[in-house]
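A quick write-up on the structure given underneath.
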Amino acid sequence: MSDGFVRAISAADIAPGGMKAVELDGQEIIVCNCGGRYYAVQRRCGHMNAPLDLGTLDGTYLTCPMHCAQFDVSSGEALSGPVPGHFGDEAVPARLGQYLQDIGMMMQHVRTESIRTYGTKVEGGWVQIALKSAQ
Amino acid sequence: MNIESRKKALRHFFAKVVEPMGFKFTPDADLVEFLLEQEVILEGKHGVPFCPCQPLRNERVHDMQIVCPCIPFHRQHFDAIKRCWCGLFVHKDVVDPDTLLQLSAKEVGLE
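Protein sequences appear in the order of chains A and B. Each residue of the first sequence is one higher than the last, beginning at 1 in my numbering. Each residue of the second sequence is one higher than the last, beginning at 136 in my numbering.
What follows is the structure, encoded as structure tokens:
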């Protein structure tokens, strides 16, 4: 389309409070319906690349299913980093404990980055996304 | 990510937790800002947003009871004083939080 927007998904296909993943021009994007207002953000978490559409959307706040990092889909802003896991008080086997310790040490160095946002508009019942306006 | 971003998330989700219990954020906006900032700092240190006004004992059972919002673990006490211990949350009907006293559970006859 001449204005840079491309059709992504029918607006009726996303219930309020819901989100769906689409792939456009090789880019993985999720479209979020926040009370009738649509936002589009990159599908991959700014922490460890998990698919955010499997997470939960509360208002404009999206929580990643993998480590619970949180983002504001209206701005892409990273709000919260990963939540530390708790595996109960029972002792874990030594090898598994060492593995978890190693993973934990590496994860301390993984930053949670803000996610990319895309311009959206609804026209003719379609949510359209401006791929080139990504921020 | 920075302190202000994390404060936004805490504000959003805490409101949803305390609202069904009859509480709201204190109308004292400066106090809210200050306490949330302290919680984010504590979270950075311990991984959990503990209440900034209660001591940690390094005993999991005790310490988990002062993770903000800790209202469910101190319900009777906080209902009696119409605020949580640090004053971040007050009963929904409270207009002037300065009129509320920070009384211990013992002082209100609960211990």
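Cβ atoms here follow ideal geometry from the backbone N, Cα and C, with glycine treated the same way.
When secondary structure is reduced to three states using DSSP, residue 51 of chain A falls in the strand class. Nearest Cα to residue 23 of chain A within the set A:91, A:58, A:43, A:11: A:43. For residue 212 of chain B, the enclosing alpha helix (DSSP H) covers residues 210–216. Between residue 79 of chain A and residue 144 of chain B, the CB-CB gap stays under 8 angstroms.
Between residue 34 of chain A and residue 64 of chain A, the C-beta gap is not smaller than 8 angstroms, which leaves the two residues out of contact. Residue 69 of chain A carries a coil assignment under DSSP once its states are collapsed to helix, strand and coil.
Among the residues of chain A, those whose CB is under 7 angstroms from the CB of residue 141 of chain B are 79, 80, following chain order. In this structure, the alpha-carbon of residue 215 of chain B lies about 33 angstroms from that of residue 140 of chain B. Residue 163 of chain B and residue 7 of chain A have their alpha carbons spaced roughly 46 angstroms apart. Contacts with chain B at 8 angstroms (Cβ-Cβ) do not include residue 118 of chain A.
Residue environment for residue 187 of chain B: buried (at least 16 other C-beta atoms within 10 angstroms of its C-beta).
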